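Residue numbers (this note's numbering): 20 to 492.
A short write-up of the structure that comes next.
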Ligand code: GUN
Ligand code: ZN
């Protein structure tokens, strides 16, 4: 066993209960006499939490150290580097220690993407259409290739490496309707030991024949995938009906039955992204009160459900989200690229948990920093603001909370899994020049959020193992 100490500037976000655990009175006794120096928990910054009623606190340690056990792949502790280094100084009877000096870099928890389609990496940036035509003309054509195990394997491998190059260590992912597409993704994720959620996509109507799988068969496919992969290592299964248009009522109902028969399997689908889509659903379900009512009726809603988009919702639908605990995943670059519309972040957050996601291939970048930059602009167009702390909380602890994974990932609390990114805030000449003008941490983080992308990711560590290093590092 080796103890790895990563010396760096540390930034992460604490929930109320995390903060209570970190209070000086509790840890003053734990051999940390200089607690006052250890951390700056910012109690004055008010962040909108994903979990109603909670408070969120940024914690920044300028001269920090993160301690990782390479056998368990977990965080042992974190704190001020002087305290940590003297505590772990090599001595008789103590485990071997390796110090990684990143003192001019920022270490943050690994980023989490709550909605992305791995097969669509092959058709990202497809010209000219809005949702329904884009699906028919580009998406379904590409997804039809994933019946070939080699395509599925090669693309899953490429995609996961791209996620890591962007600092993303966990994601909730769409595969295709071919069960082997989910299988290939899980196999590769399991090999990398990344914490991932996916499942075969359920489609049995209004799509090309090769992508349609009859309702009962498709649910059997999902059942088999659950049996093989759910909670195996760091993998989780999501029941994945594509959306109300491409599933028959029977397929949706069977999906709902399967969902309610489990207490930890996830469910993901799309909701109210585009006006023509909403009108089509209305046509298919004229006797339902609206789009969300279809999913509610089929038993698809609940705290383990994440619905992508949710741009066009009526008040009773927001209330239904609140009552069922259903989460919304906001996908800014996708909403802009497909001309879908402007997401009302403060309103949605006032009803339920909101996460943020890339939605590649409608989204135009796998970078969660780029995603935040576009989210900021979408809020600006509606006279709302999105601070850097709010955004960086969201892509780490906030997204973990929305996916019910915050007991495992999302910040540096002891015993969490050691998924983190080493960020070079001066990775480009422009960033270096702009950072030199900044006068506060908040200003630096905002510049990072607006100008940062995969170029700032120097290293990505997954469960204590380095899985990506930039060419420059
Ligand atoms: N709605 C149904 N399928 C999709 C998809 O693949 N991408 C997006 N953005 N919306 C969808
Ligand atoms: Zn999507």
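C-beta atoms are modelled at their ideal positions from N, C-alpha and C, and glycine is treated no differently.
Quantities reported herein were computed from a predicted structural model and do not represent experimental measurements.
- Here DSSP, grouped into helix, strand and coil, assigns residue 335 to helix.
- Bridge partners of residue 136 according to DSSP: 193.
- Take the alpha-carbon of residue 100 and the one of residue 443: they are about 19 Å apart.
- Of the candidates 59, 69, 91 and 70, the residue whose Cα lies closest to the Cα of residue 83 is 59.
- Relative to the ligand GUN, residue 267 has its C-beta separated by 7 Å or more from all heavy atoms.
- Distance from residue 187 to residue 424 at the Cβ level is roughly 14 Å; contact not present, criterion being Cβ atoms closer than 8 Å.
- When only Cα atoms are considered, residue 232 and residue 249 end up about 22 Å apart.
- Annotation for residue 387: the continuous alpha helix (DSSP H) segment containing it runs 387-399.
- For residue 183, the enclosing alpha helix (DSSP H) stretches over residues 168-184.
- With 6 Å as the limit, the residues whose C-beta approaches any heavy atom of the ligand GUN more closely are 136, 150, 154, 158, 261, 262, 289, 292, 353, 378 and 381, in sequence along the chain.
- Residue pairing for residue 285: DSSP places it in a beta bridge opposite 257.
- Residue nearest to residue 287 within the set 221, 297, 299 and 304 is 221 (criterion: CA-CA distance).
- Rounded to whole angstroms, the gap between the alpha carbons of residue 437 and residue 485 is 10 Å.
- By the criterion of a C-beta distance shorter than 8 Å, residue 315 is surrounded in its chain by 339 and 343, once the five residues flanking it on both sides are discounted.
- Taking a contact as a CB-CB distance under 8 Å, the pair residue 165 and residue 200 counts as one, their CB atoms being some 4 Å apart.
- In this structure, DSSP gives residue 27 an extended state, which the three-state scheme calls strand.
- Short of 7 Å from the beta carbon of residue 400, and not among the five residues preceding or following it, lie these beta carbons of its own chain, in chain order: 361.
- Short of 6 Å from the beta carbon of residue 90, and not among the five residues preceding or following it, lie these beta carbons of its own chain, in chain order: 20.
- A residue is called buried once 16 or more other Cβ atoms fall within 10 Å of its Cβ, and residue 419 is buried on that count.
- Following the DSSP letters along the chain, one finds residue 454 inside the alpha helix (DSSP H) bounded by residues 448-454.
- The nearest non-hydrogen atom of the ligand ZN is less than 7 Å from the C-beta of residue 327.
- Take residue 404, set aside five residues on each side of it, and the residues of its chain with a beta-carbon closer than 7 Å to its own are 398, in chain order.
- Residue 337 and residue 109 have their alpha carbons spaced roughly 56 Å apart.
- Rounded to the nearest angstrom, the gap between the Cα atoms of residue 261 and residue 184 is 27 Å.
- Contact between the stretch 70-88 and the stretch 25-40 is present: three or more C-beta pairs spanning the two stretches fall below 8 Å.
- By the C-beta density criterion, residue 71 is exposed, having fewer than 16 other C-beta atoms within 10 angstroms.
- Taking the CA atoms as reference points, residue 325 sits about 15 Å from residue 332.
- For residue 463, the enclosing alpha helix (DSSP H) covers residues 460-470.
- In terms of side-chain proximity, the C-beta atom of residue 349 is found no nearer than 7 Å to any non-hydrogen atom of the ligand ZN.
- Cβ contact annotation for residue 245 (same chain, cutoff 7 Å, sequence separation greater than five): 256 and 284, in chain order.
- Straight through space, the alpha carbons of residue 239 and residue 73 are spaced by roughly 39 Å.
- Residue 357 carries a coil assignment under DSSP once its states are collapsed to helix, strand and coil.
- Fully contained in the stretch 206-238 are the following beta strand (DSSP E) runs of length 3 or more, in chain order: 214-217.
- In this structure, the beta-carbon distance from residue 319 to residue 150 does not fall below 8 Å.
- In this structure, the ligand ZN has a non-hydrogen atom nearer than 7 Å to the beta-carbon of residue 193.
- For the pair residue 277 and residue 311, the CB atoms are not nearer than the 8 Å cut-off.
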